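Chemist: Residue 273 in the numbering used here sits at position 216 of the sequence shown, with consecutive numbering throughout. For each residue, glycine too, the CB sits at the ideal point set by N, CA and C. Since we're looking at a predicted model, the values are computed, not measured.
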Amino acid sequence: MAFSLPSIEDILKEALKIKSNTNQFLYMEKEQPYKTVHVDDSTEDLIQAFQEASSIVILDEQNQPVGTVSASEIIQIFYILYRQLKAFYTTVIQTTDSSVTVIDKEERVKTWTEGAEKIFSIKQNEILSRKITDFFEPEKLEILESLHKGKSIAHHQHQPRSDLFVLINSNPVLCDGEIIGAVVSETDVTSHVLLNEKLFNMSTEVHRLEQEVAKYRKTQDPFSTIKGKSLALQKTVEFARKVCGVKSTVLIMGESGVGKEVFAKAIHEASELKEAPFIPVNCGAIPESLFESEMFGYEKGAFSGASQKGKKGKVELAKGGTLFLDEIGEMPLDMQVKLLRVLQERKFYRIGGEQEIDIDFRVIAATNRDLAELVEDGKFREDLFYRLNVVSIQIPPLRERKEDIVELTSHFFKELSIRYKRPIHRFPSDIMHALLQYDWPGNIRELRNVIERLVVFAVDGLIKTEYLPFNSNGRVINQAQINDGRTSEKEEILPLQEEMDIHEKGVLERALRIAKGNKAHCAKQLGITRATLYNRMKRLGLS
């Protein structure tokens, strides 16, 4: 709460009020000594003038007299201002809920609020004008530190009694550079402190119980998502497990679709805490012009079109976790230089930023290309290659571990049949034979897509060989549209739902033709109810 001295103009207004109330005239005797003060002078100038004369003439900007102030009037004016100031002060003190204590330089209590009464159980009439040390031990009074040493305290937790905790603010009262008193405000936080202690004790107990439960709970193995029991795959998994104990950079190599990101996630989950971020970056999918902003982010207004809020880059988002750089061989050469610096120094700048940001994360890179060959061709930096190739993992392609096809097929069928609500009654052996004969150039990703295709077309719950995109000898069929089991001459890509409707319509037409229009017999053979058959015929426009 701050108050300033009144201006001369304000004092003159008060003086005019006094004169009008006392019927005094605005003139002075010629023989009466007086001094002049301009209306825009300071109040200190006016007070200084009264030391030389008992009356003051106030002059305006044109040096014309606008009024007079006598010594008796100035006393009345300052007394009025004192009473106003006291009224403000009293109202502020009465309004606050906090405990506020004011003492003078003799340690006598000058102000004691209702909040102080509630906290310390001492009434105003008992403590006002008495020394505060009569009621409290001096060593426990922070206000004395402010009074005697000029010490200021802000948001300090203090314990004036064994059963009381307060949040305290304390300051000395200064006048002309001299300490004339001190003020302290205190807020009772005893309930907060006790609640915090209970919360801490409960959290400790919960943590202990969680540890006990963990002893009896079967832990989820992050590598369980990698399906397959082949010797080649199991050796790769065991090698990847050994990497989890340290945070060294890992380079995962393998053909497209072998599951490099699945391995990266498993290594991350086995190495890091549950809340640690896993940030994937497909280096082949980011335009070269946007690469730096995507990786390192930018400050607000760093360039035309930049967000006014700025943006964190992938590197910053990966802090405390793993940055997975997929298709690292596609990274532009100029970005390779900047990435190498980040890996070596663990520091970087945002675009348009001036503050260097410290970062700590693990890097797992993946590629389906021969990086050593790219280095020889000058398309990949040699120093970055050696920095990434600390630990390398080679994932075998699916054609080298065909014994895993059975487990992978079963896993995908369960997942996709639930997703598309397509219960599969049986899986023909000739289709499994065709899957085992095929070389799978797209590896696990291609296998999953083929299984999804089979599930999508199996509207009657039956998997048929004509749904395969290749024959039993592993030769690819150029098939863009399937209708009633025949390959369409016209090659085009249709929306998945439309593709499914075309095939389902063909299946129902063929079934009705075989059943010679007998809908009850047709529905029985398809394994659906007659109502379901009618509904599907109506939806597909079959009469």
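Can you tell me whether DSSP reads Cys-301 as helix, strand or coil?
Modeler: coil
Chemist: Does DSSP classify Asn-425 as helix, strand or coil?
Modeler: coil
Chemist: Assign Gln-119 to one of three DSSP states: helix, strand, or coil.
Modeler: coil
Chemist: At what residues does the beta strand (DSSP E) containing Ile-189 begin and finish?
Modeler: No beta strand (DSSP E) holds Ile-189; DSSP gives it neither H nor E.
Chemist: Pull up the CB-CB distance for Leu-441 and Gln-393, whole angstroms please, since I reckon it's below 8 angstroms.
Modeler: 5 angstroms
Chemist: Between the Cα of Lys-404 and the Cα atoms of Val-372, Thr-379, Arg-187, which residue gives the shortest distance?
Modeler: Ranking the options by Cα distance to Lys-404, first place goes to Val-372.
Chemist: Looking only at its own chain, which residues have a Cβ that is under 7 angstroms from the Cβ of Val-250, when we skip the five neighbours before and after it?
Modeler: Phe-222
Chemist: I'd like the list of long-range same chain contacts for Glu-312, defined as Cβ closer than 7 angstroms, with 5 residues on each side in sequence excluded.
Modeler: Asn-425, Pro-454, Asn-500
Chemist: State the beta-bridge partners of Arg-456 as determined by DSSP.
Modeler: Answer by DSSP bridge pairing: none, since Arg-456 is not bridged.
Chemist: Can you tell me which of the three DSSP states Gln-536 falls into?
Modeler: In this predicted model, Gln-536 has a pLDDT of only 40, less than 50, meaning its place in the structure is not dependable enough to derive any value.
Chemist: Taking the straight line between their C-alpha atoms, what separation do you get for Leu-601 and Asp-417?
Modeler: The structure shown does not extend to residue 601, since the chain is modelled only from 58 to 600, so the question has no answer here.
Chemist: Is the beta carbon of Gly-316 less than 9 angstroms from the beta carbon of Ile-283?
Modeler: yes
Chemist: So, under 8 angstroms CB-CB, Leu-224 and Gln-216 are touching, yes? Tell me the CB distance rounded to an integer number of Å.
Modeler: Between Gln-216 and Leu-224 the Cβ distance is about 11 angstroms, and since that is not below 8 angstroms, they are no contact.
Chemist: Kindly indicate the opening and closing residues of the beta strand (DSSP E) around Ser-486.
Modeler: No beta strand (DSSP E) holds Ser-486; the alpha helix (DSSP H) holding it covers 486-494.
Chemist: How far does the beta strand (DSSP E) with Cys-232 in it reach, from first residue to last?
Modeler: Run containing Cys-232: 221-232, per the beta strand (DSSP E) assignment.
Chemist: Reducing DSSP to helix, strand and coil, say where Pro-498 ends up.
Modeler: coil
Chemist: Using the Cβ count rule (16 or more neighbours within 10 Å means buried), how would you classify Pro-498?
Modeler: exposed
Chemist: Helix, strand or coil: how does DSSP classify Ala-211 here?
Modeler: Three-state DSSP puts Ala-211 in a strand.
Chemist: Which partner residues does Phe-280 have in the DSSP bridge list?
Modeler: Per DSSP, Phe-280 has no beta bridge partner at all.
Chemist: By the three-class DSSP mapping on this structure, what secondary structure does Phe-437 have?
Modeler: coil
Chemist: Report the CB separation of Gln-186 from Thr-170 in whole angstroms; it is logged as a contact under 8 angstroms.
Modeler: Inspection of the sequence shows that residue 186 is occupied by Ser rather than by Gln. Not quite, the Cβ-Cβ distance comes to about 16 angstroms (not below 8 angstroms), so this is no contact.
Chemist: Can you give the beta carbon distance from Val-307 to Val-448, rounded, assuming they're within the 8 angstroms contact cut?
Modeler: Right, the Cβ-Cβ distance comes to about 5 angstroms (below 8 angstroms), so this counts as a contact.
Chemist: Let's test the definition: count the other Cβ atoms within 10 Å of the Cβ of Tyr-524 and tell me whether it reaches 16, buried, or not, exposed.
Modeler: It counts as buried.
Chemist: In whole angstroms, what is the alpha-carbon distance linking Asp-278 and Ala-321?
Modeler: A straight-line Cα-Cα distance of about 14 angstroms links Asp-278 and Ala-321.
Chemist: Please state the DSSP three-state secondary structure of Asn-446.
Modeler: coil
Chemist: Going by DSSP, what residue range makes up the alpha helix (DSSP H) through Asn-592?
Modeler: It spans 587-597 - the alpha helix (DSSP H) in which Asn-592 sits, taken as one unbroken run.
Chemist: Using CA coordinates, which residue listed in Asn-446, Lys-436, Cys-301 is at the minimum distance from Thr-379?
Modeler: Out of Asn-446, Lys-436, Cys-301, Cys-301 has the C-alpha closest to the C-alpha of Thr-379.
Chemist: Is it a yes or a no for the segment 407-415 touching the segment 280-299, going by three-plus beta-carbon pairs under 8 angstroms?
Modeler: no
Chemist: Whole angstroms are fine: how far does the CA of Gln-494 sit from the CA of Asp-434?
Modeler: 37 angstroms
Chemist: Could you give the distance in angstroms between the alpha-carbon of Phe-353 and the alpha-carbon of Arg-456?
Modeler: 39 angstroms
Chemist: For Leu-204 and Pro-229, which I take to be in contact (beta-carbon distance under 8 angstroms), what is that distance rounded to the nearest angstrom?
Modeler: 6 angstroms
Chemist: Taking contact to mean at least 3 C-beta pairs separated by less than 8 angstroms, is the segment 62-75 in contact with the segment 132-139?
Modeler: yes
Chemist: Taking 8 angstroms as the cut-off, is the beta-carbon of Thr-158 closer than that to any non-hydrogen atom of the ligand NAP?
Modeler: This structure does not include the ligand NAP; it has no bound ligands of any sort.
Chemist: Taking three-plus beta-carbon pairs below 8 angstroms as touching, is the segment 502-510 in contact with the segment 462-476?
Modeler: yes
Chemist: For Gly-207, which option in Ile-184, Ile-452, Glu-235, Gln-181 has the closest C-alpha, if you only look at C-alpha atoms?
Modeler: Glu-235
Chemist: Who are the Cβ neighbours of Phe-348 in its own chain at under 7 angstroms, not counting the five residues just before and after it?
Modeler: Here the set comprises Pro-389, Met-392.
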